[in-house]
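So in numbering that gives the first Met the number 0, spot 198 of the sequence shown is number 197, and the numbers just go up one at a time.
Ideal placement from N, C-alpha and C gives every residue a C-beta, glycine not left out.
Below is one structure, written out as structure tokens; the observations come after it.
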Amino acid sequence: MTNFVITKEKTTTDNTYNKFESFDLNNYTLLIEGNYLFFQNKTGQKIIIIGDCINSHIINCESFYSKDLILKLKGIFIAFIVEENKFLIIPSLFGFFPVYYSTDYKTISNSIEQIKNIEGKVVSLNKRFVLESYLFNYSFSNQTYLNGIYRLNSFSLISYHERISIERYSDLTDFFINNPTSGKNEIENLGSLFLTNIKEYFSESGNSITFTSGFDGRTILSSAIYHSVRFDTFSLGREENDDVAIPLRNSKDLNIPYHFYDLGCKQYAERYYLCAQKMSKITGGFNGFLYGHFLYGAEREKEVNDILHTGYCGSELFRALHIQGAVTSKELVSIFTVEDDLNLKDILWNSPKLAFIKKLEYRNEFEDIFTEILEFRKTKNNYISINHFFYSYVFTEVFRKVFGAWTLAQMQEMIVRTPFLDYDFVTALMKTDLAGCNNDFFTHNPLKRLKGQQLYAEIIRQTNTKLYNMKTGRGYRPLDLLSIQGHARILFPYFKKQFKKQSIRPNLDNLGIISAYQYHKNEIDSLYKNLEGFEIARLLESSSKLNSYTSEEERDILLQTASLASIL
Numbered sequence: 000m001t002n003f004v005i006t007k008e009k010t011t012t013d014n015t016y017n018k019f020e021s022f023d024l025n026n027y028t029l030l031i032e033g034n035y036l037f038f039q040n041k042t043g044q045k046i047i048i049i050g051d052c053i054n055s056h057i058i059n060c061e062s063f064y065s066k067d068l069i070l071k072l073k074g075i076f077i078a079f080i081v082e083e084n085k086f087l088i089i090p091s092l093f094g095f096f097p098v099y100y101s102t103d104y105k106t107i108s109n110s111i112e113q114i115k116n117i118e119g120k121v122v123s124l125n126k127r128f129v130l131e132s133y134l135f136n137y138s139f140s141n142q143t144y145l146n147g148i149y150r151l152n153s154f155s156l157i158s159y160h161e162r163i164s165i166e167r168y169s170d171l172t173d174f175f176i177n178n179p180t181s182g183k184n185e186i187e188n189l190g191s192l193f194l195t196n197i198k199e200y201f202s203e204s205g206n207s208i209t210f211t212s213g214f215d216g217r218t219i220l221s222s223a224i225y226h227s228v229r230f231d232t233f234s235l236g237r238e239e240n241d242d243v244a245i246p247l248r249n250s251k252d253l254n255i256p257y258h259f260y261d262l263g264c265k266q267y268a269e270r271y272y273l274c275a276q277k278m279s280k281i282t283g284g285f286n287g288f289l290y291g292h293f294l295y296g297a298e299r300e301k302e303v304n305d306i307l308h309t310g311y312c313g314s315e316l317f318r319a320l321h322i323q324g325a326v327t328s329k330e331l332v333s334i335f336t337v338e339d340d341l342n343l344k345d346i347l348w349n350s351p352k353l354a355f356i357k358k359l360e361y362r363n364e365f366e367d368i369f370t371e372i373l374e375f376r377k378t379k380n381n382y383i384s385i386n387h388f389f390y391s392y393v394f395t396e397v398f399r400k401v402f403g404a405w406t407l408a409q410m411q412e413m414i415v416r417t418p419f420l421d422y423d424f425v426t427a428l429m430k431t432d433l434a435g436c437n438n439d440f441f442t443h444n445p446l447k448r449l450k451g452q453q454l455y456a457e458i459i460r461q462t463n464t465k466l467y468n469m470k471t472g473r474g475y476r477p478l479d480l481l482s483i484q485g486h487a488r489i490l491f492p493y494f495k496k497q498f499k500k501q502s503i504r505p506n507l508d509n510l511g512i513i514s515a516y517q518y519h520k521n522e523i524d525s526l527y528k529n530l531e532g533f534e535i536a537r538l539l540e541s542s543s544k545l546n547s548y549t550s551e552e553e554r555d556i557l558l559q560t561a562s563l564a565s566i567l
């Protein structure tokens with residue numbers, strides 16, 4: 000993965016940046032390590048792109064920057080546009096590729112560690128970030144785990160013209176509408192648009208596609224078969240998991256290449272600790288000990304292909320969110336649902352998720368967070384509905400901090416592409432009632448939540464008859480989503496699943512996380528012992544009792560603490 004640093008320091012006193020290419024930006028210097036694209040026009044204006052820009056051929060050298068150009072460029076990248084006395088730093092849509100900056104903008108980079116090196120001082124732990132990570136699973140706004148270092152907002156750029164400033168270059172909420180369109184034609188048109196646009200995402204040399212029991216991956220797979228591209232498929236999990244057992248069976252019926260990485264094997268357990276630490280560091284304190292298998296999979300899959308296609312954000316775009324968990328915690332949802340400010344404050348401050356910290360030492364930081372939350376809640380009236388208000392946060396914050404973190408970790412090993420986030424497709428989708436943002440807020444009605452899934456089914460219908468008739472891990476076929484008779488077949492698996500949730504205690508080691516944690520327990524416990532401002536005895540007690548039936552909430556908070564401890 001390519002790294003960059005922009006600094007006011009023209010030279011460095013050591014050999015740290017010998018491998019970096021240098022570009023003069025007037026009062027700043029741009030340093031790039033790794034591959035990049037470079038364009039220059041007759042007037043001397045330059046554009047430099049790092050990351051994966053899929054369609055750079057559309058760049059018109061006569062005029063590099065325009066709002067339309069950034070929206071049309073596909074992929075996950077950062078563009079630097081340089082003129083005689085001006086430069087712009089523009090991340091691609093949704094901000095998956097992070098840009099960090101110090102308080103005075105003296106140093107800007109895609110790596111917090113690089114900023115620490117340039118600043119030449121120890122930057123202290125940001126207690127706000129600790130609180131926010133516990134309560135919401137990630138920072139609420141642009142905080143990082145170190146005081147004085149911030150992350151650029153999504154759909155934003157950094158501009159230098161005599162002085163540094165931050166500007167918005169787009170806002171998906173402009174596409175929220177009051178009366179979205181509906182009907183068979185909308186589904187068919189969106190399906191055709193997706194199929195047209197995804198073709199550009201595929202590589203001629205080879206493609207790895209995540210293939211699980213759900214709809215996201217199989218929709219991309221169906222498109223790959225339709226466009227006759229070379230591909231391999233894979234998934235992660237234990238052999239008995241639906242995300243392995245179902246694609247394994249489907250792949251044989253389809254006669255396509257498929258392999259899985261067993262997260263119950265000793266090889267994964269041995270690699271878990273290093274992957275978890277590495278992912279925590281790469282993502283700036285995101286829960287690498289919970290999601291280290293994403294990095295592990297990419298480490299293994301890069302031996303097969305250079306490009307990985309994921310279904311990230313597909314379900315969130317198509318179906319109204321209804322589960323409080325990794326993407327949206329109970330505490331985050333309460334910001335949108337609890338009307339009384341004092342009641343909300345009480346819910347957040349007394350959350351059981353704060354059990355591992357010495358709360359009184361975090362009181363001032365909590366007050367700062369809550370003040371920001373109150374200011375955010377005041378913007379509610381800017382939106383047509385509570386669901387639009389909620390989705391404005393999902394688009395700008397949740398996507399980059401959850402799916403962006405997974406993507407960023409995997410991009411250390413291979414190019415990652417997210418075709419469901421194609422700008423033309425997303426904006427067209429938001430004009431219809433198939434979009435999750437145009438559904439009811441946190442609806443549990445299975446028939447209402449089917450709307451978005453119908454788009455998956457339509458894409459598969461247009462591309463592959465066999466996949467269209469194959470059951471998914473949800474217990475029904477894509478075919479069932481597009482017929483009245485099929486809806487009846489969908490309701491039975493839905494109610495059966497709801498009953499199972501309430502009657503059976505889930506085994507939370509289905510991804511081998513707890514087994515791998517226990518394999519490295521002594522090393523992880525030593526991380527906890529070095530923390531300050533935390534309830535160490537309680538942490539160690541929770542660690543000693545962690546098992547397959549520990550509550551998901553306690554497990555995730557314990558692993559989040561390990562992730563923070565590993566980078567401090």
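Cut-off 7 Å between Cβ atoms - residues of its own chain near residue i, not counting five sequence neighbours on either side
| i | result |
| --- | --- |
| Ser576 | No answer is possible for residue 576: it lies beyond the span of the chain, which begins at 0 and ends at 567. |
| Asn546 | Ile513 |
| Pro256 | Asp231 and Thr232 |
N- and C-terminal bounds of the beta strand (DSSP E) containing residue i
| i | result |
| --- | --- |
| Arg416 | Ile414 to Arg416 |
| Lys45 | Lys45 to Cys52 |
| Tyr99 | Tyr99 to Ser101 |
| Glu78 | Per the sequence shown, the amino acid found at residue 78 is Ala instead of Glu. Per DSSP, Ala78 belongs to the beta strand (DSSP E) from Gly74 to Glu82. |
| Gly236 | Phe230 to Gly236 |
Enclosing alpha helix (DSSP H) for residue i [first to last residue]
| i | result |
| --- | --- |
| Gly313 | Gly313 to Phe317 |
| Leu347 | Asp340 to Trp348 |
| Val332 | Lys329 to Thr336 |
| Leu70 | Lys66 to Lys71 |
| Asn363 | Arg362 to Arg376 |
Chain-order list of residues whose beta-carbon lies under 6 Å from that of residue i (same chain, five-residue window excluded)
| i | result |
| --- | --- |
| Tyr159 | Phe86 |
| Ala456 | Pro477, Leu480 and Leu481 |
| Asn437 | Pro179 |
| Leu296 | The displayed chain sequence assigns Gly, not Leu, to residue 296. Closer than 6 Å at the Cβ level, and outside the excluded window around Gly296, lie Leu235 and Tyr260. |
| Ile458 | Gly190, Phe193 and Thr218 |
| Lys379 | Phe388 |
| Phe139 | Glu131 |
| Thr102 | Gly147 |
| Lys126 | Tyr361 and Glu364 |
| Phe22 | Leu29 |
| Gly287 | Ala275, Met278, Ser279 and Ser562 |
For residue i, the nearest candidate out of the options (CA to CA)
| i | options | result |
| --- | --- | --- |
| Val401 | Val337, Ala325 and Gly43 | Ala325 |
| Glu131 | Gly43, Asp215 and Phe369 | Phe369 |
| Val425 | Glu531, Tyr527 and Glu315 | Glu315 |
| Ser279 | Gln411, Arg299, Glu396 and Asn26 | Gln411 |
| Ile224 | Tyr467, Glu161, Asn342 and Met429 | Tyr467 |
| Glu238 | Asn249, Asp340 and Leu262 | Leu262 |
| Ile89 | Cys52, Asn125, Leu347 and Ile111 | Cys52 |
| Ile186 | Asp432, Asn84 and Glu531 | Asp432 |
| Glu470 | Tyr267, Ile48, Asn116 and Asn249 | For the sequence presented, residue 470 should be read as Lys rather than Glu. When only C-alpha atoms are compared, the closest one is Asn249. |
| Leu373 | Lys358, Val337 and Ile31 | Val337 |
| Asn240 | Arg473, Lys544 and Thr172 | Arg473 |
| Asp67 | Gln39, Ile80, Ser169 and Glu161 | Ser169 |
| Asp367 | Phe128, Ile31 and Ile523 | Phe128 |
Sheet register partners of residue i (DSSP bridge)
| i | result |
| --- | --- |
| Ile568 | Outside the displayed span of the chain (0 to 567) sits residue 568, for which this structure offers no information. |
| Asn2 | Glu32 |
| Ile245 | None; Ile245 has no bridge partner. |
| Ala434 | DSSP, once it has assigned bridges, lists no residue as partnering Ala434. |
| Asp524 | Looking at the DSSP assignment, Asp524 forms no beta bridge with any residue, so it has no partner. |
| Arg150 | Tyr99 |
| Asn381 | Looking at the DSSP assignment, Asn381 forms no beta bridge with any residue, so it has no partner. |
| Asn116 | For Asn116, which the question treats as bridged, DSSP gives no partner whatsoever. |
| Asn206 | Phe230 |
Cβ shell of residue i (< 8 Å), same chain only, five flanking positions each side left out
| i | result |
| --- | --- |
| Ile163 | Tyr104 and Ile157 |
| Lys430 | Phe174, Ile176, Pro179 and Thr180 |
| Val228 | Phe201, Ser202, Glu203 and Asn206 |
| Glu269 | Tyr518 |
| Asn54 | Lys71, Leu72, Lys73, Gly74 and Glu199 |
| Thr406 | Ile75, Phe95, Thr309, Tyr311, Val415 and Thr417 |
Neighbour flag for residue i against chain B, beta carbons, 8 Å
| i | result |
| --- | --- |
| Ser550 | Going by chain labels, chain B is absent from the structure shown, which holds only one protein chain. |
* Evaluate the contact criterion for the stretch 151 to 165 versus the stretch 86 to 104: three or more CB pairs, one atom per stretch, below 8 Å. => Per the Cβ contact rule, the stretch 151 to 165 is in contact with the stretch 86 to 104 (3 or more Cβ pairs under 8 Å).
* To do: Check whether the stretch 238 to 245 touches the stretch 265 to 274, counting contact only when three or more Cβ pairs, one atom from each stretch, lie closer than 8 Å.
  => Contact between the stretch 238 to 245 and the stretch 265 to 274 is absent, because fewer than three Cβ pairs lie under 8 Å.
* Asked: If you pair each beta-carbon of the stretch 203 to 218 with each one of the stretch 299 to 316, do three or more pairs fall below 8 Å?
  -> The stretch 203 to 218, when compared against the stretch 299 to 316, does touch it at the 8 Å Cβ threshold.
* **Stretch pair the stretch 551 to 558 + the stretch 337 to 356: three plus CB contacts closer than 8 Å** => Taking 8 Å as the limit for Cβ pairs, the verdict is that the stretch 337 to 356 does touch the stretch 551 to 558.
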